[in-house]
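Chains as they are written, first to last, in numbering that gives the first Met the number 0: chain A, 0 to 312; chain B, 0 to 83.
Cβ atoms here follow ideal geometry from the backbone N, Cα and C, with glycine treated the same way.
Presented below is the structure to which this report refers.
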Amino acid sequence: MEFKDYYKVMGVARDATEAQIKQAYRKLARKYHPDVSKEPDAEARFKEVGEAYEVLRSPEKRAAYDRLGSGPRPGEDFRPPPDWGSGFEFSGAGPGAGESSADYSEFFESLFGRGAGRGRRGFESGHGADHHARVLLDLDSTLTGGSRSFTLRVPEIDAEGRISARERVLNVQVPKGILPGQTIRLAGQGAAPHGEGKAGDLYIEVEFQPHPLYRIEGRDLYLDLPVTPWEAALGATVKSPTPSGPVELKVPAGAHAGSKLRLKGRGIPSSPPGDFYVVLQIALPAAADDKARAAYRALAEAVPFNPRAGLGV
Amino acid sequence: MSLADLSRMLAVEERHIVELVEEGVITAIEIETAEWRFGGAEVRRARIALRLERDLGINLPGVALALELLEELEQLRRARGSRS
Numbered sequence: 000m001e002f003k004d005y006y007k008v009m010g011v012a013r014d015a016t017e018a019q020i021k022q023a024y025r026k027l028a029r030k031y032h033p034d035v036s037k038e039p040d041a042e043a044r045f046k047e048v049g050e051a052y053e054v055l056r057s058p059e060k061r062a063a064y065d066r067l068g069s070g071p072r073p074g075e076d077f078r079p080p081p082d083w084g085s086g087f088e089f090s091g092a093g094p095g096a097g098e099s100s101a102d103y104s105e106f107f108e109s110l111f112g113r114g115a116g117r118g119r120r121g122f123e124s125g126h127g128a129d130h131h132a133r134v135l136l137d138l139d140s141t142l143t144g145g146s147r148s149f150t151l152r153v154p155e156i157d158a159e160g161r162i163s164a165r166e167r168v169l170n171v172q173v174p175k176g177i178l179p180g181q182t183i184r185l186a187g188q189g190a191a192p193h194g195e196g197k198a199g200d201l202y203i204e205v206e207f208q209p210h211p212l213y214r215i216e217g218r219d220l221y222l223d224l225p226v227t228p229w230e231a232a233l234g235a236t237v238k239s240p241t242p243s244g245p246v247e248l249k250v251p252a253g254a255h256a257g258s259k260l261r262l263k264g265r266g267i268p269s270s271p272p273g274d275f276y277v278v279l280q281i282a283l284p285a286a287a288d289d290k291a292r293a294a295y296r297a298l299a300e301a302v303p304f305n306p307r308a309g310l311g312v
Numbered sequence: 000m001s002l003a004d005l006s007r008m009l010a011v012e013e014r015h016i017v018e019l020v021e022e023g024v025i026t027a028i029e030i031e032t033a034e035w036r037f038g039g040a041e042v043r044r045a046r047i048a049l050r051l052e053r054d055l056g057i058n059l060p061g062v063a064l065a066l067e068l069l070e071e072l073e074q075l076r077r078a079r080g081s082r083s
């Protein structure tokens, strides 16, 4: 998608202060408002200016946006980096919440999610705003539940209007069975209220780090389990790790590579719990010595078998 | 259309439409039982007024002035255009 240079859109320098940005927005909004302007692309420019302001006026979004640098060369495709937004705490509605997202560009939504803009009604009540953050958890935290400690970076404006990132350490109780994409709500941990009202809440969206053994797909977990050719062909009982501890698995005779064994309810312990799938991989012992080579040759003679028969060769 | 219809169409409280009328931004026709009716042109003015108020943060006296100036501009442009 196309990278948007919000500083260029607003005609401000990259180190512009909040006051300068607000002033630039007011002038451009008056100039391009569709009811006021006679220019043919006024509506598009007005929306573009509004989107740029939405990012640059928010210290959190601006800090995160600045991390992208000045973007790729014109014509180059832009993708947000994979760990984008991880470890940053944003104010304003998070992904999935809020009003219609039709006003924001694909670029904005890929960075901040749908509904992350405030809409154009900019009044604020006395309550503190909700904050949102995304963190990477280890899989064990959802399998057993438990407390985890995170460091979040909260971008803040200092007295001169520049942005710095304050670090904030949180201890969070991770509920057992939480799924990727779900949020943990910490009441009162968002923004402080201005005047009366309550502090906002902090919503932490959960994603999982890759696990050395298990693949996560929704609430199900997958394990690639190597078995020997005779265990698969003849059937066997083998020991396999599972998220809840090792079990003895019955491999049915005639199993092949890719055969799936399902252990119901042994995936992520949400409600309902996901399943655990063992996907068989055939591991070949090396023909390392004469005995092994002889055994292989005997098998080749005893069982004429062409696995490539269906390929037309 | 009636006050209730207009407020529903523009998604604002009836009280706000009343404010627009009181400020002179739009005009209502009063029928016998003091019920208001709004013509098509007034509906259009109301819609623009609310957009200016919401998007540019202009208060109602400012909106009233802005609308009058915009309409005057429109007339001047039309007059200038027809002369050439």
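Nearest CB-CB separation between R29/A and chain B: below the 8 Å threshold. For D4/B, no CB of chain A lies under 8 Å from its own CB, so it is not counted at the interface with that chain. Secondary structure note for P225/A: it is in no alpha helix (DSSP H), and the uninterrupted beta strand (DSSP E) holding it is 219-226. K238/A places its beta carbon less than 8 Å from that of E247/A. Below 8 Å, too few C-beta pairs join the stretch 220-227 of chain A and the stretch 195-206 of chain A to call them touching: fewer than three. Boundaries of the beta strand (DSSP E) around H131/A: 130-136. V35/A belongs to the set of residues whose beta carbon lies under 8 Å from a beta carbon in chain B. At a C-beta separation below 8 Å, H32/A has these neighbours in chain B: R50, L51, D54, L55. When secondary structure is reduced to three states using DSSP, T143/A falls in the helix class. When the alpha-carbon of I183/A is set against those of E216/A, T141/A, H210/A, the nearest one is in T141/A.
Proximity of L69/B to chain A, defined by a Cβ-Cβ separation below 8 Å, is satisfied. The residues L136, S140, T141, G144, G145, S146, R147, I183, V205, in chain order, have a CB closer than 8 Å to that of V173/A in the same chain once the five nearest residues on each side in sequence are set aside.
Contact annotation: A28/A and L55/B have beta-carbon atoms nearer than 8 Å. With respect to Y64/A, R44/A sits apart: the two C-beta atoms are not nearer than 8 Å. Here the alpha carbons of E108/A and L2/B stand approximately 38 Å from one another.
Secondary structure at S243/A: coil, using DSSP grouped into helix, strand and coil.
Taking C-alpha positions only, R77/B is separated from Y24/A by approximately 31 Å. Scanning A51/A, R292/A, A235/A, E47/A for the CA closest to the CA of R13/A turns up A51/A. DSSP places A51/A within a helical segment (H, G or I) once states are collapsed to three.
M8/B counts as exposed, since fewer than 16 other C-beta atoms from the protein chains shown sit within 10 angstroms of its C-beta.
The residues R218, D219, G266, I267, in chain order, have a CB closer than 6 Å to that of G273/A in the same chain once the five nearest residues on each side in sequence are set aside.
When the Cα atoms are used, L66/B and I28/B turn out to be separated by approximately 19 Å. Among the residues facing chain A, I25/B is not included, as its CB has no counterpart in that chain under 8 Å away.
Using a Cβ-Cβ cut-off of 7 Å, I47/B is close to D34 of chain A, given in chain order. Annotated three-state conformation of A190/A is coil, per DSSP. Between the stretch 240-254 of chain A and the stretch 291-311 of chain A, the count of C-beta pairs closer than 8 Å stays below three; the two stretches do not touch. Nearest neighbour of P179/A by Cα position, chosen from G187/A, R152/A, V168/A, V134/A, turns out to be V134/A. Taking the C-beta atoms as reference points, G38/B is found no nearer than 8 Å to A63/B. With respect to the C-alpha of V17/B, the residue from L59/B, Q74/B, L51/B, G80/B having the closest C-alpha is L59/B. Contact between A232/A and A252/A holds: CB atoms are separated by about 7 Å, below the 8 Å threshold.
Judged by beta-carbon spacing, E47/A lies beyond the 8 Å limit of P33/A, meaning their Cβ atoms are not closer than that value. Ranked by Cα distance from F106/A, the options A186/A, V277/A, D4/A are led by D4/A.
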